[in-house]
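Novice: Below are the structure tokens for one structure; questions will follow.
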Amino acid sequence: MKSRNVNLPTPSESAQPNLPEVDPINGTPDGKTTLSPTDPTPTNPPLVKDPPVVTNPDEEKPPVETAPPIKPNPPVVVRPPLLPPVVKSPATAFNFFPLMWEKKVEASKDWTAMVYNVIKKEESYLLGQNVADDIEIFCPAYRKLNEDSRLNFWGQFFAALAYHESGWSPVSRMVERNFTSKDSVTKMPVVSEGLLQLSYQDEKSYNLDCGFDWNKDKELAVKDPKKTILDPYNNLRCGIKIMATQLKKFRSITLLRNVYWAPLKIGGGTTKIAEISRLTRALKICQNL
7 MKSRNVNLPT
17 PSESAQPNLP
27 EVDPINGTPD
37 GKTTLSPTDP
47 TPTNPPLVKD
57 PPVVTNPDEE
67 KPPVETAPPI
77 KPNPPVVVRP
87 PLLPPVVKSP
97 ATAFNFFPLM
107 WEKKVEASKD
117 WTAMVYNVIK
127 KEESYLLGQN
137 VADDIEIFCP
147 AYRKLNEDSR
157 LNFWGQFFAA
167 LAYHESGWSP
177 VSRMVERNFT
187 SKDSVTKMPV
197 VSEGLLQLSY
207 QDEKSYNLDC
217 GFDWNKDKEL
227 AVKDPKKTIL
237 DPYNNLRCGI
247 KIMATQLKKF
257 RSITLLRNVY
267 WAPLKIGGGT
277 TKIAEISRLT
287 RALKICQNL
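Quick note on our numbering: the sequence shown kicks off at 7 and runs consecutively.
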């Protein structure tokens, strides 16, 4: 270990004043450290800094992972419970008076539905206010009624007409002996059949599609209910269309001539105008109260 930089006297130099002995270890007489005038002023040792970290600019920095954003929970939509649709019963929807045949014939409620359905969907002309000039004979209050009430009247009218034509027997039939010509479809004597006593040739005469099929029916017994002309729906539907044709042409329910049903012929030997009128006027909706 090197000592401090101290100039020691040589033997040839003059004697120096007596100096206190220097401690060889500590360099002071009393063991205390002293500074030599020639010693430099002590300074704090320089701070040693860590060498700067040099990074390669081309070096990719590792991606900084960030926590995914917290998505708010979607709002909970509370739907009201589904309620079943309100179904109106026929009585609530229309409030029709029952037709006269419903008290006597078990199957007649179906006939009522058939009549209403055909008029509403196919022959709504009958529901007009001025459908017939003689409508007051059968329903004095007809022109003041709404459509549902007018429909109720027509149901009663066809029920009354069917009573005087067939006695409400779907298989009723009668050979028309007063007819000189034969049925243009069957090539046989004209026969009136079913609830409204219709004939096969009516389809041709009135240019209608009544659903009558002679080729099928001729293989069946004359009163077989499977015959197409005896089917209540076919028969009632065709009769309603014949009446609609008459009203569009003559605007009258009763006629002196060219009338289809004999009970509606004015002054005829088998007229039933008064009887049918009495039955339709019995409906409360037809009365001028």
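All C-beta atoms, glycine included, are put in the ideal place defined by N, C-alpha and C.
Give me the residue from R257, N264 and W267 with the minimum Cα distance to Y131.
Specialist: R257
Novice: How is the beta strand (DSSP E) around V181 delimited, first residue to last?
Specialist: R179 to V181
Novice: Who are the Cβ neighbours of F144 in its own chain at under 8 Å, not counting the five residues just before and after it?
Specialist: F159, F163, I259, I282, S283, T286, R287 and C292
Novice: Would L236 and V191 qualify as a contact pair, given that the criterion is a beta-carbon distance under 8 Å?
Specialist: no
Novice: If Y122 sits next to L157, beta carbons under 8 Å apart, how far is it from one beta carbon to the other, in whole angstroms?
Specialist: 6 Å
Novice: How is L261 classed by DSSP in three states: helix, strand or coil?
Specialist: strand
Novice: Can you tell me the Cα-Cα spacing of G273 and N240, whole angstroms?
Specialist: Distance between the alpha carbons of G273 and N240: 30 Å.
Novice: Pick helix, strand or coil for L285, following the three-state DSSP scheme.
Specialist: helix
Novice: What residues match up with P176 in a beta bridge as DSSP calls it?
Specialist: Beta-bridge pairing links P176 to no other residue.
Novice: Does the beta-carbon of K278 have 16 or more other beta-carbons within 10 angstroms, so that it is buried, or is it exposed?
Specialist: Under the 10 Å beta carbon count, K278 is surrounded by 16 or more other beta carbons and is classified as buried.
Novice: Please report the residue range of the alpha helix (DSSP H) in which E209 lies.
Specialist: D208 to S211
Novice: In the DSSP assignment, find the unbroken beta strand (DSSP E) run with V197 in it and report its ends.
Specialist: V197 to E199
Novice: Going by C-alpha to C-alpha distance, which of Q135, R243 and P146 sits closest to T118?
Specialist: Proximity to T118 across Q135, R243 and P146 peaks at R243, based on C-alpha coordinates.
Novice: Look up L204 in the DSSP assignment and give the residues it is bridged to.
Specialist: BP columns for L204 point to E199.
Novice: Tell me whether the beta-carbon of A349 lies closer than 8 Å to the beta-carbon of E142.
Specialist: Residue 349 cannot be examined here, being either before or after the span of the chain that is shown, 7 to 295.
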